[in-house]
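For the sequence shown, the working numbering gives the first residue as 5, with consecutive numbering after it.
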Amino acid sequence: MNLCIVGSGYVGMVSAACFAEMGNDVCCVDANSRLVEKLRSGSIHIYEPGLEPLVRNNYSQGRLKFTTSLEEGLAGAEVAFICVGTPSLPDGSADLRHVRSVAGEIGKKMNSPLLVVNKSTVPVGTADLVRGIIAGELRGRGLNLEFQVASNPEFLKEGDAVNDFMKPDRVVVGVADPGAARLLRLLYAPFARSREKFILMGVRSAEMTKYAANCMLAAKISFINEIAGICERTGADVRDVRTGIGADQRIGYHFIYPGMGFGGSCFPKDVRALIRTADEHGVEARLLEAVEDVNRRQKLLMAERIAEYFAPLGGARGRTLAVWGLAFKANTDDLRESAPVDVIRNLTAGGMRARVYDPVAADNGREEFAGNVLVTVEDDQYAVLEGSDALLVATEWNQFRTPNFQRIKTLLSSPVLFDGRNLYPPEEMLAQGFIYHCIGRGNP
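Okay, structure coming up:
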């Protein structure tokens, strides 16, 4: 098929590259001319394992192209995907200005029948909004072109997005027209050869499914973090509790890892957006509000622990904390709503210095803390330890899982380790002489 992808952010880039990989002709449209030139040169602007070679290969073979011209992107296109950002507004609702803008431009530029698909995460009813905007623009042009608007939410995990797209566990499609359903079923057929993965539903149900999925996963994270807090007070070990409840197939082990709270571009804003949607329709979303509240507290838990530890030693002011990890999770360079970033901001506001290392997100970290003289982002995992008063392990990168503990002890001014991801066995840390702090289990 001939496809137009509007927006070359995370969702747009992954979608464009994977659709092209299956033989489709894809034109990716972005208003940022510098970004388009960068993509044409073979360099991509986001870190995602496996994505860059996919983009380069399909671009070199002519199946994938980049442009700033929506008119060029829509020429001959059968399907146009809207893949633009929907960040949170101050009241928690999703900012739809980019979606509205793209819908208006499609209405102004389309010259043949078209299926318009919302892949952006949008509130229930957005497809109707897009339909109305496009129809209005067509009327203004005196055209009576046939078009449909569908919803096709993405379920991509940062760090494994290419695999998620190429081998999805489901493809959710919301349509109001049988022809649109047939077209999208045909488009996604190569991604579902082993079993039926195409789930067809109404447009509003598809829009809600995306929010419900992310909020459910966020709820599991907040739940296990709250259980971890109770375990600490009662003498239970959250590791054992997790094993016990995860063995129940109704619960499972996924997303019940205690840690520093959820972050990134999806879960926080989607929880807020669904709370706002509920409020607009007269529903009090008490569970979702609790999920957000627990996560807000959890993201600063390690900052509080570190401050409490140094309080009887004269306080954290003037001390130096080594931090391993800045990204909100491993295998990404995304710092949006990252718990490590929040912890560093909190501690440096109290006068503590931070020396930070992240294998991928260092450049983003330098930009994030450019105005904070108490933060240095460095390029050596062990160099940040030299003379530091403690180490915080804040992101679960593989290279942090089995480090050289003897070297850590030698480089730190004192063997104090705060494990924000529960990567290490407390018994082993005690045996190696560390003062060890973790989440959800008694400190040995």
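All residues carry an ideal CB built from backbone N, CA and C; glycine is no exception.
Quick caveat, the model's predicted, so the values are computed rather than measured.
Original post:
Looking only at its own chain, which residues have a Cβ that is under 8 Å from the Cβ of Pro448, when we skip the five neighbours before and after it?
Top reply: Its pLDDT being 47, under 50, Pro448 is placed unreliably by the model, and the measurement read from it follows with that caveat. Cβ neighbours of Pro448 beyond the five flanking positions: Pro430, Glu431, Met433, Leu434 and Tyr440.
**OP:** Would you list the residues sitting across from Asn122 in a DSSP beta bridge?
**Re:** Ile86 and Ser155
**OP:** Drop a sphere of 10 angstroms on the beta-carbon of Pro127, count the other beta-carbons inside from all chains shown, and report buried for 16 or more, exposed for fewer.
**Re:** buried
**OP:** Take the Cβ of Ile48 as the centre, count every other Cβ of all protein chains shown within 10 Å, and call the residue buried at 16 or more, exposed below.
**Re:** buried
Original post:
If we ignore side chains and look at the alpha-carbon of each, how far apart do Gly27 and Arg67 end up?
Top reply: 7 Å
**OP:** Give me the Cβ distance between Phe1 and Ile9, rounded to the nearest whole Å; I'm assuming they're in contact under 8 Å.
**Re:** With the chain running from 5 to 448 in the structure shown, residue 1 is simply not present.
Original post:
Can you give, in chain order, each stretch of the alpha helix (DSSP H) that sits fully within the segment 358 to 419 and has at least 4 residues?
Top reply: 366 to 372 and 409 to 415
Subject >> Per DSSP, cross-strand counterpart(s) of His258 >> reply: Paired residues: none, contrary to the question.
Subject >> Classification of His285 by the beta-carbon crowding that lies within 10 angstroms, buried from 16 upward >> reply: exposed
Subject >> Rounded straight-line distance, which links the Cα of Met17 to that of Asn156 >> reply: 16 Å
Original post:
Do Phe438 and Leu421 have their C-beta atoms closer together than 8 Å?
Top reply: yes
**OP:** For Gln385, count neighbouring C-beta atoms within 10 Å of its own C-beta (all shown protein chains included) and say buried if the count is 16 or more, exposed if not.
**Re:** buried
Original post:
Could you give the C-beta distance for Ala185 and Val207, rounded to a whole number, given that I count them as a contact under 8 Å?
Top reply: In fact, because the Cβ distance is near 11 Å, the residues do not count as touching under 8 Å.
Original post:
Between which two residues does the beta strand (DSSP E) containing Thr336 stretch?
Top reply: Thr336 -> no beta strand (DSSP E), and no H or E assigned at all.
Subject >> Start-to-end residues for the alpha helix (DSSP H) that takes in Ala223 >> reply: Segment Val207 to Thr238, the alpha helix (DSSP H) holding Ala223.
Subject >> Beta-carbon contacts of Thr380 that lie in its chain and below 6 Å, excluding the five residues immediately before and after >> reply: Arg359
**OP:** Can you tell me which of Ile443, Asn6 and Asp362 puts its alpha carbon nearest to the alpha carbon of Leu190?
**Re:** Asn6
Original post:
Buried or exposed: His482, going by 16 or more other Cβ atoms within 10 Å of its Cβ?
Top reply: This structure does not reach residue 482, given that the chain is present from 5 up to 448, and the question cannot be answered.
Subject >> Inter-residue Cα distance where the pair is Thr125 and Asn36 >> reply: 21 Å
Original post:
Roughly how far, in whole angstroms, is the beta-carbon of Gly163 from the beta-carbon of Ala374, given that I think they are within contact range, below 8 Å?
Top reply: At roughly 25 Å, the Cβ-Cβ gap does not stay under 8 Å, so Gly163 and Ala374 are not in contact.
**OP:** Assign Leu305 to one of two classes, buried (16 or more other C-beta atoms within 10 Å of its C-beta) or exposed (fewer than that).
**Re:** Around the Cβ of Leu305, a 10 Å sphere holds 16 or more other Cβ atoms; the residue is buried.
Subject >> Terminal residues of the beta strand (DSSP E) in which Ala326 lies >> reply: Bounds of the beta strand (DSSP E) holding Ala326 are Thr324 to Trp328.
Original post:
Looking at Ile137 and Gly111, is the spacing between their C-beta atoms short of 8 Å?
Top reply: yes
**OP:** Spell out the partners DSSP gives Ser92 in its beta bridges.
**Re:** Ala98
Subject >> Which listed residue (Gly354, Leu389 and Thr336) has its alpha carbon closest to that of Trp401 >> reply: Thr336
Original post:
Taking just the CA atoms, how far does Ala216 sit from Met205?
Top reply: 15 Å
Subject >> Three-state secondary structure (DSSP) of Asn299 >> reply: Asn299: helix per DSSP, three-state reduction.
**OP:** Evaluate Thr406 with the Cβ neighbour count: other Cβ atoms within 10 Å of its Cβ, from every protein chain shown; 16 or more gives buried, anything less gives exposed.
**Re:** exposed
Original post:
Counting pairs of beta carbons, one from the segment 350 to 364 and one from the segment 321 to 329, are three or more of them closer than 8 Å?
Top reply: yes
Original post:
Using a Cβ-Cβ cut-off of 6 Å (strictly less than) and excluding sequence neighbours within five positions of Ser270, which residues of its own chain qualify?
Top reply: Before going on, a small fix: residue 270 reads as Cys here, not Ser. Correct list, in chain order: Asn218.
Subject >> Sequence ranges, alpha helix (DSSP H) only - wholly within the segment 9 to 59, length at least 4 >> reply: For the segment 9 to 59, whole alpha helix (DSSP H) runs of length 4 or above, ordered along the chain, are 14 to 25 and 37 to 44.
Subject >> Residues near Glu52 in its chain [Cβ-Cβ closer than 6 Å; skip 5 each side] >> reply: Within the same chain, Glu52 has close Cβ partners Ala165.
**OP:** Could you tell me which of Gly391, Thr281 and Met212 sits nearest to Ser418, measuring between CA atoms?
**Re:** Gly391
Original post:
Is it buried or exposed for Met212, if we count other Cβ within 10 angstroms and need 16 for buried?
Top reply: buried
Original post:
Using CA coordinates, which residue listed in Pro363, Ser92 and Gly263 is at the minimum distance from Ala343?
Top reply: Gly263
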